[in-house]
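Protein chains in written order, with the working numbering: chain A, 1033 to 1277; chain B, 1033 to 1277; chain C, 1033 to 1277; chain D, 1033 to 1277; chain E, 1033 to 1277; chain F, 1033 to 1277.
Below is one structure, written out as structure tokens, with a few remarks after it.
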């Protein structure tokens, strides 16, 4: 892991299949990056307008455009609470679809952000295939963004680490956390972001409890006893380090 | 990973099934720890006297005691080159055997060292079951050393990370490196240690080349372009961190 | 597993990549559902007209339309023998292709059937990628059918279990059965269905023997000694139960 | 899964490496079996006297015999709250050891109980090798108890299912739940059992929250919306069933 | 795979946990080696006297010595039918136990046979832990037999391939065949060997059918259409070859 | 593995995602096939013009057509050095795309070549999704080429084995070699081919060293001590054999 205290500004870029995913699953990581002075950017591939907006569809007379508008507002508010920029690609959900034009734009966004770390969903979530597509899209776009011969105003990127954030049912998705992130210092930011997601209020308590459970595990894995809340993530690529202690 | 530059002295403890393993597979990590001012200790469970001393047995009239004596001298010389302390338990090799008394002593050594990081072989090497036993012994002894009710002058240890170093045929052992350690600054120390192992000279070139190959991969995974040599390791437990960038 | 004896009618929906798959691999499960008074429906994504109709193509002058017509007749006859309804989507085989329109229709069919259990192929069959596509299509369509914001006359479905039926070479496909279904009471129905498949007669003996072998294993795993024939299936999702005994 | 409502009394037998494990990890399953009129028996291989009794060792002047005595009393009280019989083998912990005599007694206990379901720890917990040994011992003893030629007053057992209960850090142990057990009706019993474990009070809130999280997942996997608490378990062997719906 | 037609006599050595395993699971491989002029040797670690002799124990008044005597006679007869030598170590079954003395003898037997190929059970059979111990013992003894410093009249062995033969429920044991052996030419020998096993007659039909099913798969995987019967095996180590076609 | 010495001409067909992959990863296998008198054919899905031509793009004023032209020339020269025919499909890289027309052509090429062995990339390379697509395309096209009802002048193919060649970071791709191919006799051909790839000169030393390392492993796995260089490959399907020795 890179040290962050030397004034070098870095960049985190998060791919969220639906506009709520980044809040529940990566809100702590995003707020941590922002709080430590780095750039944090979020790309929402869709608004989760069809599949993850139950709270809105329960209102009589609701229509797709309104759902998307509300979801956008909520996600913007959540991103602001976390200290991050947010971009919406509006590619549709349930199922999400990424055509060539959208893919090309995603490559551009990656090159523009030139991230040190990318973050997205797991590779294989049997409950939610939109998550898989977000994962695959990120890996493919990362590869293209590295290609020296790819057209573009921005130069090729290096080899950013990719983190997968925690899915709803981790064991069913082959998720094995190798990074427990202490989010105690930013948990109020994450809570504020969660509270912005009115269409999914039922999840707030669930993810608050999950953060405590991951916090207990962080302490059990040698973390500081002061850790209360944590987020679980899984790095895909090996890290490169200059020390083992 | 813990930063090491603040004067806080930490401790690395390495379990080597045979007296050469720590040199070929973890020499860079050990030298790095020592070079950065930390304690580095090695426990050799055996001398590899029967199974890994071909060079010596080729001498006419060789006997077991002589092999062990030479292997001890070479390993001491190698440890010195790396900057580490070394302890020999002389438990026999091919097959290695760890009885209750030996196990008890190992627990004591772990408590005494109070390591921040433990290091040993992979869990399942089809070529070499002594390696597996070293792995299992370390995990069991770590567990006992954590027990509050275990007799002992030393207090229970915390939850040190465990690293597995690279086996000879990584893919056959399910080894997937998640830590590529830059050993460029200490590679001369590792080479000196390797050259002390006269019974296995044929391995020097092999492990020198391997270090270069892992170095190339470290650069490809986002490491500094100045990296020439690296060692591959695999952390078992999640790391606890306070930043993602 | 749900008890079925209380008069509550349930629904099984089977996705068959080619028009024979449901017979060989799931005929017992389908006949069991029908025999117990439930709805059993089959969706054939293709007729297997190009890849699984050797017996027909060996006739001189055979053409694609004739093969499809015969395969349809045989599959209808097999479905009738099993007691199930059957729908043909005629999406082509070798390779199977599912475009947006077909996908949309599949979602409609799932909502209409409102199944308690879905059944299809494994995720990764190296011999037959049409099987994989059927699997992926089912998981994606299940997800969309659950979305509250998805247009449709029918309401969103719940969370039906998904079963994978046995592939030809189970070990090569990562298939690990966790459900051995006693098909002794309906085996004559399955045999009648198999005998309807004239284009693949060579498989009848093979699958009759397989049923006996799985029957032996069912007894060995604690099943009633009266079990003669069984079918192996693998549930994807955890089951929810109110008892452990 | 077997139906339980017809007056046929069945038997559950639980292997607990330490005297608290059965409470935290399987208390709901045990209470469910008891509540439904079945026999529930627990075998504690050790008292967890050295490794899982922090709360007691923190008392000045504590000694091993006292810890064991208190742990026994607490476990008896917990078993009573769950409605189960309990047997203590006192084989030692951290590390647990099972010698030939103990193994033989365990086989006798299995034959005597003639269980329909056995329950124990996962196969590979990197944090706690006592758990692994409990798992291995159960599988070996089950095999011996099935042998027709094994001496014994009791006849050979059949082929009882084996369930693994949830470890502390599920993903690190390769635990993939395939059974979410509704423990809502017996949760007060489980809470009472947990409250008996004074040496590990810090775990009560943790496992209470975990039960709620598994309850949410049970509903998400198609369980009744009335489920509040659940326990996650993983069956090792395929189940044999007579229906798919 | 080595060509065998050039008059070079090779050696196959099979470890059988119980005295019937080599017949059912490896009889075709053994007979093939013998038929082609090679040495085939079998080591029975036990007679399977307690766990795999149901047919004998059903006789009133049966005792352990008689069972072992009959099992020995049957296994000798089976080995003769296959054209192999057989050695009995009588280490006990259910559970099998390999003490130091037995292990030492096994190493001697391996060195004496100097095998080109070793063959045994899978690593992890949840139904039968004796099989696992046979596997582990073979890998450990192979390692010791390779050690230059190991005492012994015979010189160290090279690096023989290890094959695992098919367990009863392949998918439950992680068995993935990578070698389908045509046993058509020797099937009558295998049948004769199977018929010698009076205590397990119920298995003859089962394994005869299995051979046909594996034969069908061999043809499907590119084998000659003349193949009727096959045996499935899994090589552990990579093969070294001089051609890819 | 098939014997090759009897004058029967066989056919190897290699799918290379980019025009350099076949050289670095399979050059030895291709040269071996050619040297032994067989047909060796290479299909380059793209020129690797955007992603694997750094050496060319570093020249000022470089454009895509020139890169492709140079890459074609180099690949033709490399193929010639190896003794193979080469076909370029020019489907684009970073990302590679295979449309229906291209897929159809690929099926034709497979039928025309009627290969005994197919060779391509691994299934899951997190660094390079073009490799995955090449793998998937090969498995799908193989399946279609086997279909009796598929239009075409050429008859259906049989069941050719599929080999995966070694990816850059084997452990990250789940690559487990089960075939170490002795390429000592053809290494000069492979070197000549590598030297033709001017755009990737930095890889020559890397792959020369890798060949030596794999050579050492081949000897360690029982290969002839005369082996200097080897290539690692992984067969997907079981091999069918008539001997175990």
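For every residue, glycine included, the Cβ atom is placed at its ideal position computed from N, Cα and C.
Asked	Found
Sequence-distant residues of the same chain with beta carbon closer than 6 Å to residue 1117 (chain D), five excluded per side	1073
Residues of the region 1167-1178 of chain B with Cβ closer than 8 Å to any Cβ of chain D, in chain order	1168, 1171, 1172, 1175, 1176 and 1178
Beta-carbon proximity of residue 1143 (chain D) to residue 1179 (chain D), cut-off 7 Å	no
Alpha-carbon to alpha-carbon, residue 1138 (chain F) and residue 1168 (chain F)	12 Å
Short Cβ contact (7 Å threshold) for residue 1231 (chain E) with residue 1124 (chain E)	no
Simplified DSSP state of residue 1133 (chain C), which is helix, strand or coil	helix
Cβ of residue 1117 (chain A) within 7 Å of any chain D Cβ	no
In chain order, each alpha helix (DSSP H) run of at least 4 residues that lies wholly inside the region 1061-1108 of chain F	1086-1089
Sub-7 Å separation of residue 1051 (chain C) and residue 1128 (chain C) beta-carbons	no
Of the residues B:1140, B:1253, B:1227 and B:1191, the one placed nearest residue 1182 (chain B), counting alpha carbons only	B:1140
Classification of residue 1266 (chain B) by the beta-carbon crowding that lies within 10 angstroms, buried from 16 upward	buried
Inter-residue CB distance, residue 1192 (chain D) and residue 1174 (chain D) (contact presumed, cutoff 8 Å)	7 Å
Residue 1207 (chain C) in three-state terms, based on DSSP	coil
Reference residue 1225 (chain D); option with closest CA among D:1048, D:1060 and D:1199	D:1060
Element boundaries [beta strand (DSSP E), containing residue 1196 (chain E)]	1193-1197
Contacts of residue 1268 (chain E) in chain B (Cβ-Cβ under 9 Å)	1158 and 1204
Short Cβ contact (7 Å threshold) for residue 1062 (chain D) with residue 1114 (chain D)	yes
Beta-carbon proximity list for residue 1239 (chain E), same chain, < 7 Å, skipping 5 on both sides	1056 and 1226
C-beta neighbour in chain C for residue 1040 (chain F), strict 7 Å	no
Within-7 Å CB hit, residue 1212 (chain C) to chain D	yes
Own chain residues within Cβ distance below 8 Å of residue 1036 (chain F), not counting five before or after	In this prediction, residue 1036 (chain F) scores a pLDDT of 47, lower than 50, which makes its location untrustworthy; no coordinate-derived value is stated.
Nearest residue (CA-CA) to residue 1151 (chain A), options A:1106, A:1200, A:1276 and A:1269	A:1269
Residue environment, residue 1092 (chain F), which counts as buried when at least 16 other CB atoms sit within 10 Å	exposed
Residue 1203 (chain E) versus residue 1198 (chain B) - alpha carbon distance	30 Å
Residue 1241 (chain C) versus residue 1243 (chain E): straight-line alpha-carbon distance, rounded	11 Å
Minimum Cβ-Cβ distance from residue 1249 (chain B) to chain F less than 7 Å	yes
Pair within 7 Å by beta-carbon distance, residue 1185 (chain B) and residue 1126 (chain B)	no
Beta-carbon separation (whole angstroms), residue 1149 (chain A) vs residue 1045 (chain B), contact threshold 8 Å	Going by Cβ atoms, the distance from residue 1149 (chain A) to residue 1045 (chain B) rounds to 31 Å, so no, they are not a contact pair.
Endpoints, the beta strand (DSSP E) within which residue 1274 (chain D) is located	Counting along the chain, residue 1274 (chain D) falls outside any beta strand (DSSP E), and DSSP gives it neither H nor E.
Proximity winner among D:1096, D:1099, D:1047 and D:1190, relative to residue 1256 (chain C) (alpha-carbon distances)	D:1190
Local Cβ density within 10 Å of residue 1211 (chain E), reported as buried at 16 or more and exposed below that	buried
Whole-angstrom distance between residue 1201 (chain F) and residue 1160 (chain F), CA atom to CA atom	11 Å
Contact with chain F by residue 1083 (chain C), beta-carbon distance below 7 Å	yes
Neighbour flag for residue 1208 (chain B) against chain F, beta carbons, 7 Å	yes
Pair within 7 Å by beta-carbon distance, residue 1219 (chain A) and residue 1261 (chain A)	yes
Residue-chain proximity (residue 1182 (chain B), chain D), Cβ-Cβ < 7 Å	yes
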